[in-house]
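Protein chains in written order, with this note's numbering: chain A, 9 to 194; chain B, 9 to 194; chain C, 9 to 194; chain D, 9 to 194; chain E, 9 to 194; chain F, 9 to 194.
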């Protein structure tokens, strides 16, 4: 115990199934104090002809993409300043909130603002977490920042955490916290 | 679709079952693009006599406590400076990392350090999220800080996010990020 | 084979469960050529705390009443001319269609019309069938009619069939066919 | 809720599965007041090697044919007077009961009898219902009749209902009610 | 893996359930090379109102008794020469086959025959096994015999094995093999 | 009732599935007094991607071989004195216990010992039973022996029973009981 069975329409790739199995396993670990090797998850696939709701047969829909991959892809694009590639990952209503700035909606705006804060910044990731919460996929990435201040002085090991929301596979919100001000003004 | 069935030993209170149902539902929403009203979760209870593993009958174990409640309880105790009550919620190896400080392990240490940062601080919570990740329960609480600087000046609306880890119902780690330095030094 | 499992919220009386088991068994017999003793139905009850949809716990609703009982009750009340008792079983929009008459909506109208057809009529039921179709419960009752013509002559063994629709436990439609004209005019 | 799972031997065509899903859904609607979109049906297919009864592996049997199709096919053949095609759909012991006639067993007998009733008759179908009841598949078709009396006068809009029983895919019984006498003698 | 679910009518005592869980676990171990702690068995109880076969509700029947207990009880009664108690455990058609004797049907016959073989004999049980095979419960008990020959000489450590068949909780067959002759004639 | 479902990783051949279905059926017959035709077993296969334990996907392992076949193969090889073929079926720690002999571990030892007992012996099998017990597969074969004594005299109809244990598909133990001494010394 416990044993979890999920009944889904067929068509999900092994990768999506792996994420579903992990998410269901973590859901159990959240409440039930069972050792890992006792938590079993079984997925049942159903061909469309084997499933009906409301007396109607239904069509399978593709799995939601891995939000962690999308976020890491976005952060890599931003770090390389590949704006078009980053922009393609954003959804309608996207808004970013950075420490010490009013919420921003455009990447150009962010880049201009960032120029006043540092020459460049690189992220070293410690860990990331992804789950569903209240209608959106949520991704947290945290780690440390390294880079150069406007005056050329280097900095490193500055703590950061980003929180992303994704809907329908697109990033709709980014909230950033970091210790840049602590260190800059130390 | 999808439908999730979880088979658990009996004895979980309705509150624990509610958390399990929510967690399993969120696990599905994480991968499957189904509308909420299509995600069904069914829990099957088993009396100890109805379940065996390795040919042996097993005993049910109590559910893990709600980590969100424990964290909010801890933060309330700290805000009220009820140190004993807060301490009782901490587990072995507890370590706190605050912006601009080296990691701390004792609450007395934290309180002394905080004295130099502000006269007092109150948290206004915007949202909290809880889930299992890699062997621990993780809780994020975020919102804004209000309070008074050492010189008596008031501050408010300062963004913060805390990340907690809990194991066996005890808090073992707290990481804090906030914009205090941004605002203080603005 | 086949085996049918139905997962329902708890609270249904044994009588409702019996009807559900029969209906599910007949559903299988309709498509699968298995001998009766091979068709198994198992009902799983769920306490409200063991079931969630869309992450929310749901409340059980009482079973729909047995439409066959309601119809036979209505026909008995009409035969005894207990109009109030019959009326209480009717739903909004109730309409009756009898052979040789325009559709009627009121029981008084029906009784007046019937006076011109026969002194009295008694139904002998051969069989009744009940099932769900297109949003309503449907009941067929058939058998023979016996009674007296307006001139006092007796008649018997006249074939009839009635079709009823019920929604929410109330009768909303009655269609009648019979051989009264064949026999009367023979 | 509710959720129905049916375990069947593999080999049923999508069309048979669709009928099974609909029948199971209607079985639930008959007793449980759930909205349509809450009634889920899942079919589990079993290869012969995955199923045993009494310790023996069993062979799948083909699904029963759609009785509604057979009945409409029969009625179309009769309307077109394609007697051989109609006869092929009849089973042993077939008996027909029409208003104003003794039960008949041969199609030739019916055709001869009908000659005295009308020159021809065409059916306009309002609806049909099919389900299993007491060992047979039952089909009801109802609507109106149009045609010409023996004297050539036309008639139309005359109410009719037919009840068919099928066993093993063959029609074994037909009971007919209609208002021909009401109208003819009006 | 593997996971076994058994659906049974309610009413079985914990002891019967334990035997069922063990038997199902052993059934899996017979074919699947899974470690013991990976074999899970879950029993689902059904109240009579929650189960139907052939559209009929069925009544639960009591579990079959533990044949191992019955056999050991019988052997103890025979050792103590409590003939009535032993006889009560026998079923119709009971037949015993001992080494060096024609099949016997009555306990008196056995006791008389045994007198010629030894003064008394006591069984030391090494192990017993019980399972179902071909319509009967089968129990094997094996170990060693100790006792006295007719001439008063003692013997011990003589290998034996008994095979019993039980139907409906009564012993219907006993086959005995032992090395008494090997030792006696050595 | 009852109904047994076994969830296994895919890859088992029909023959292994047949043995699993029989073993599960016998497990039920051991405790539940249901008629054979009421005991249904359904196997659910899972592709590796549809199953996870402890959040990890697992690999299927091949089924254990049919121990009855291995034992009968071994006995046939021994009867034909094909020692290499017989030896290949033995596992580490194999030990044989025959009536009137100390336990033996080598086939050569057995053959030499047997020479003193009879010129040759042939087995006629009455029945065999196989099941899992306490970590090993157990096989019983019983029947009668026929052959020739060292002096050339023939014997036949002598009762025997053999008990084998197998682990990992290899024979690790053989215990033999028979009436050779009874008959030889009669």
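Where a beta carbon is used, it is the ideal one built from N, C-alpha and C, also for glycine.
### Task
May I have the straight-line CA-CA distance separating residue 48 (chain C) from residue 120 (chain D), to the nearest angstrom?
47 Å
#### Entry: residue 50 (chain E): contacting residues in chain B (beta-carbon distance under 7 Å)
15, 54, 58, 59
### residue 33 (chain D) - containing alpha helix (DSSP H), residue span
Bounds of the alpha helix (DSSP H) holding residue 33 (chain D) are 22-37.
### Query
What residue does the beta strand (DSSP E) around residue 40 (chain E) start on, and which one ends it?
Residue 40 (chain E) -> no beta strand (DSSP E), and no H or E assigned at all.
### Task
Compare the C-beta of residue 164 (chain B) with all C-beta atoms of chain A and state if any pair is closer than 8 Å.
no
### Message
Just to check my reading of the structure: residue 178 (chain E) and residue 97 (chain E) have Cβ atoms closer than 8 Å, yes? What is that Cβ distance to the nearest angstrom?
### Response
By a beta-carbon distance limit of 8 Å, residue 178 (chain E) contacts residue 97 (chain E). Their separation comes to about 7 Å.
### Task
Give a yes or no on whether 8 Å exceeds the smallest Cβ distance from residue 244 (chain C) to chain B.
Past the boundaries of the shown model lies residue 244 (chain C); chain C is included only from 9 to 194, so the question cannot be answered.
### Query
Does DSSP classify residue 182 (chain C) as helix, strand or coil?
strand
### Against chain A: residues of the stretch 75-90 of chain B by CB proximity under 9 Å
75
### Task
Figure out for me which residue from A:95, A:159, A:147, A:38 has the closest Cα to the Cα of residue 73 (chain A).
A:147
### Query
So what does residue 169 (chain B) bridge to, in DSSP terms?
B:150, B:185
### Message
Let me check understanding here. Comparing Cα to Cα, which of F:115, F:167, F:102, F:165 lies closest to residue 180 (chain F)?
### Response
F:102
### CB contact check: residue 1 (chain D) to chain A, cutoff 8 Å
Only positions 9 to 194 of chain D appear in the structure, and residue 1 (chain D) is not among them; the question remains open.
### Query
In chain E, what lies closer than 8 Å to residue 9 (chain F) by C-beta?
15, 16, 17, 54, 59, 61, 66
### Query
To which residues of the same chain is residue 56 (chain C) closer than 7 Å at the C-beta, ignoring the five residues directly before and after it?
17, 65, 66, 67, 68
#### Entry: First through last residue of the beta strand (DSSP E) which encompasses residue 93 (chain A)
First-last for residue 93 (chain A): 91-95, but that is the alpha helix (DSSP H), not the beta strand (DSSP E).
### Message
For a test of the three-state rule: what should DSSP assign to residue 81 (chain D), helix, strand or coil?
### Response
In the three-state DSSP reduction, residue 81 (chain D) falls in the helix class (H, G or I).
#### Entry: Enclosing beta strand (DSSP E) for residue 11 (chain B) [first to last residue]
11-17
### Own chain residues within Cβ distance below 6 Å of residue 164 (chain F), not counting five before or after
154
### Message
I need the DSSP call for residue 46 (chain D), collapsed to helix, strand or coil.
### Response
helix
### Task
Determine, using beta carbons only, whether residue 117 (chain E) comes closer than 8 Å to chain B.
no
### Message
If you reduce the DSSP assignment to three classes, tell me which class residue 115 (chain F) lands in.
### Response
helix
#### Entry: Burial state of residue 149 (chain B) (16 or more Cβ within 10 Å)
Of the other Cβ atoms in all chains shown, 16 or more fall within 10 Å of the Cβ of residue 149 (chain B); this residue is therefore buried.
### Task
Note down, in chain order, every chain F residue with its Cβ under 7 Å from the Cβ of residue 137 (chain A).
By Cβ distance, chain F contributes nothing, its closest Cβ being about 14 Å from residue 137 (chain A), past 7 Å.
### Query
Near residue 127 (chain E), what residues of its chain come up, given a Cβ to Cβ distance below 8 Å and the 5 sequence neighbours on each side ignored?
Cβ neighbours of residue 127 (chain E) beyond the five flanking positions: 155, 156, 157, 158, 160.
### Query
Less than 8 Å separating the beta-carbons of residue 106 (chain B) and residue 184 (chain B)?
Judged by their CB atoms, residue 106 (chain B) and residue 184 (chain B) are nearer to each other than the 8 Å cut-off.
### Query
In the structure shown, what three-state DSSP assignment does residue 110 (chain B) receive?
coil
### Query
Secondary structure at residue 69 (chain C), three-state DSSP: helix, strand or coil?
coil
### Task
Have a look at residue 52 (chain B) and residue 22 (chain C) and give me their C-alpha separation to the nearest angstrom.
21 Å
### Message
Taking CB distances under 8 Å as the criterion, tell me whether residue 33 (chain D) reaches chain A.
### Response
yes
### Task
Please work out which residues of its chain come closer than 6 Å, Cβ to Cβ, to residue 112 (chain E), disregarding the five sequence neighbours upstream and downstream, and give them in chain order.
104, 118
### Task
Return the residue from the list F:46, F:20, F:13 that minimises the CA-CA distance to residue 32 (chain F).
F:13
### Query
On the three-state DSSP scale, how would you describe residue 88 (chain D)?
Note: residue 88 (chain D) maps to coil in three-state DSSP.
### Task
List the endpoints of the continuous beta strand (DSSP E) containing residue 61 (chain E).
59-61
### Task
Give the secondary structure of residue 56 (chain F) by DSSP, where H, G and I count as helix, E and B as strand, and everything else as coil.
helix
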